[in-house]
């Protein structure tokens, strides 16, 4: 990725009230508020908030962005989940955090799995496992885009397909 992250976000017209995760391919999830606006939170792959007007941002190439919305409370979450994060259950941690901190009922939640690398371009079908974990957590509505980052280099960045010399997509969710 080229350039300064806040500068890129500003040029893209994204709100100043954003919080970004510094992904580590782990299971860390941070509960954030407007106090953290403009900051990059270290060592987290998931962000959740109950505050309106705060944008959550993660960067992805082959890992999957997972958007979470609780229709009951308005709480939101955004997760960066690749093979390792999926094995560690980062999406499950985010959902459980939203239930615990914001009183979300999983059945009233919507989850969207965005573009990520998938077979046959990658041997590990972690996108299928993300969907399985969402179901196991009782998420009421699950949308899988079924898009593969390695299958269309004109649309998507792919770390694996481009052999590490690639950009990153920004995924964002604002309540």
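Numbering (the working numbering), first residue to last: 9 to 183.
For every residue, glycine included, the Cβ atom is placed at its ideal position computed from N, Cα and C.
- Secondary structure note for residue 152: it is in no alpha helix (DSSP H), and the uninterrupted beta strand (DSSP E) holding it is 149–152.
- Counting only unbroken stretches of 3 or more residues, the beta strand (DSSP E) elements lying wholly within the region 30–109 are 37–39, 47–50, 54–57, 63–68, 72–78 and 84–89, in sequence order.
- For residue 158, the three-state secondary structure derived from DSSP is coil.
- Separation of residue 71 and residue 158 (C-alpha to C-alpha, rounded to the nearest whole angstrom) is 11 Å.
- In the DSSP assignment, residue 139 falls within the unbroken alpha helix (DSSP H) covering 134–144.
- Exposed is the label assigned to residue 151, since fewer than 16 other Cβ atoms lie within 10 Å of its Cβ.
- With respect to residue 176, residue 67 sits close: the two C-beta atoms are nearer than 8 Å.
- Boundaries of the beta strand (DSSP E) harbouring residue 177: 177–182, taken from the DSSP string.
- DSSP lists no beta-bridge partner residue for residue 130.
- Straight across, the Cα-Cα distance linking residue 106 with residue 53 is about 15 Å.
- Taking a 10 Å sphere around the C-beta of residue 144, we find fewer than 16 other C-beta atoms and assign the residue as exposed.
- Each of 146, 50 and 60 was checked against the Cα of residue 28, and the nearest Cα belongs to 50.
- Non-local C-beta neighbours of residue 101 in its own chain, meaning closer than 7 Å and more than five positions away in sequence, comprise 35, 37 and 54, ordered along the chain.
- The criterion of a C-beta distance shorter than 8 Å is not satisfied by residue 114 and residue 99.
- Taking each of 149, 155, 147 and 116 in turn and checking the Cα distance to residue 128, the smallest one comes out for 155.
- Of the candidates 96, 97, 117 and 95, 117 places its Cα closest to the Cα of residue 84.
- Shown here for residue 138: same chain residues with a beta carbon closer than 7 Å to its own, the five before and five after excluded, namely 72, 74, 89, 94, 99 and 121 in chain order.
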